[in-house]
Every structure is written in C-alpha cells, then in structure tokens.
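Residue numbers (our numbering): 871 to 1085. Report on the structure given below.
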Amino acid sequence: MISTDHCNVHSHVEGRSPCVEELMQTSFMKVPSKQVLDNIVVDFLEHTNNKALQLLICACCAREVNASEASMYSLSAIPNQHLLKPQEAHPQHDLYNGILLEPAGVDLETKEATICDECYNRLKNRKLPPLALANNMWISKVPVELSVLTLAERFLISMYFPTAYVFKLYPKQAGSASWNPDQLYDGMKGNVLTYQLDPQLVAGMLDGKLFPAPP
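Next comes the structure, spelled out in structure tokens:
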C-alpha cells in the first residue's frame, strides 16, 4: 500500500496521477446520497411521462411533433396569415379565416391552432414554411375506397411502383448470424426509386390478354 508520505513527496510532480489516499479524500467512488438519487428518479420521470412524450399535430404543416416543439396560438394571432392562403381553391380545403390548416391541429372550441416552432418562426419572419400545406403540400383526404385496399390491390391500381433497398444490420459479433432477424435493426441504403406502371397493361393481364414473354 502506498503511504501518505510517498504521496507528499510526489505531490509537486507535474502531470502525475493522484494517489489512492488523495482520491479517498474526494467524492470519487462515494455512494450518492439519497437526495441525489431521488432527484435523478424525479428528473427521469419528468422526461419520460406521458406529458413529456406527448405528440401534437402542427396545423400548418400537418407533421407530428413533440409537445415541447409546438405551442397553441389563437387563429387570429397567427402571424402573416396571408402566406397560408392557398393559391388555388379546392372544394375539400379546410379553411379557417381563409387560411389552409390541418383540422387535426385546430381546436374549434377554443379557436386555437397548434403550430410547431419551425413553422411559427418562419411565419414570424414573413416566410412561407417549406412544409406548409399552403406551399403545394396539401394532398387531400384518402377516400374510403382507397384506404381499405390490400397491398396487392394498391399495386394493381398504382401509377408508380416504389422500391428501396433494405438491409438487415447484424452486429460484428460471433454467432450473430443465427440471431432472430425480427429483433435486429433494419437499414436503408440509397434513395427510394419509383417506376411508372401502366394500369391498362395490368388490367389486360388480369383479363388473359397479356401473357409473359416466351423464354
């Protein structure tokens, strides 16, 4: 065991490591007090409770954001509302005081709208948010007839066929190849590609008028 005198002899040596006795005089490796542990638990609960993890829908861009990244504003208090007026009117537009908003982010009882911080800062600086519905980002509501289609039925009527390369990520560890793939992460490499489809050819194939090319 290193003596205290040995520590004192080398106490003025620059760049040396502290001795065990010196470390024992500090808070190194000491058990935290109950108050410190209680504060950590309270802090953890405050950051993981339902309120902290609540998600809201921005009425401007229709995105789902954390509650801490959005605020409620009166419909009349939204800055530069003229930027949110659609250039071309559509019968299915949801307009509030003439501006195009997502209904899921609007409270008609209080006449307030949830606006994310990114959209609000843009509007405050007299700029149209890039993802605002009024910036040609409105895609209308999905009809019930289309929402109940199976995946195969969607492909049959689709104008475009999307593809992407998805890889299963295995850790660099011996025996990981035999792990359950459902419990591993997926990764996508490259961009999502779309291929144009011809629904008339698909319909002809279903009617028996189009057959695969001979080998």
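Every residue gets a Cβ at the ideal spot worked out from N, C-alpha and C, and that includes glycine.
If you count every other CB in all the chains shown that lies within 10 Å of the CB of residue 972, and 16 or more means buried, which is it? buried
Please confirm whether residue 1065 and residue 1033 have their CB atoms less than 9 angstroms apart. yes
Could you name the residues that DSSP lists as bridge partners for residue 1028? DSSP, once it has assigned bridges, lists no residue as partnering residue 1028.
Outcome for residue 1027 when other beta-carbon atoms lying within 10 angstroms are tallied against a minimum of 16: exposed
DSSP on residue 1021, reduced to helix/strand/coil? helix
Which residue from 963, 903 and 1023 puts its Cα closest to that of residue 1006? 963
Which of the three DSSP states is assigned to residue 913 in this structure? helix
Taking the straight line between their C-alpha atoms, what separation do you get for residue 954 and residue 1008? 12 angstroms
Taking just the CA atoms, how far does residue 892 sit from residue 900? 13 angstroms
Proximity to residue 944 [Cα-Cα], best of 1024, 925, 967 and 924: 967
Which residue marks the beginning of the beta strand (DSSP E) containing residue 1062, and which one marks its end? 1055–1066
Is the beta carbon of residue 937 closer than 9 angstroms to that of residue 928? no
Since residue 935 is in the beta strand (DSSP E), which residue starts that stretch and which ends it? 934–936
Buried or exposed: residue 982, going by 16 or more other Cβ atoms within 10 Å of its Cβ? buried
Per DSSP, residue 939 is paired with what? DSSP lists no partner for residue 939.
Chain-order list of residues whose beta-carbon lies under 6 angstroms from that of residue 915 (same chain, five-residue window excluded): none
By a C-beta neighbour count over all protein chains shown, 10 Å radius and 16 as the cutoff for buried, is residue 985 buried or exposed? buried
Report all residues from its chain with a CB closer than 6 angstroms to the CB of residue 1058; omit the five preceding and five following residues, and keep chain order. 1034 and 1036
If you follow the alpha helix (DSSP H) that residue 1071 is part of, which residue opens it and which one closes it? 1069–1076
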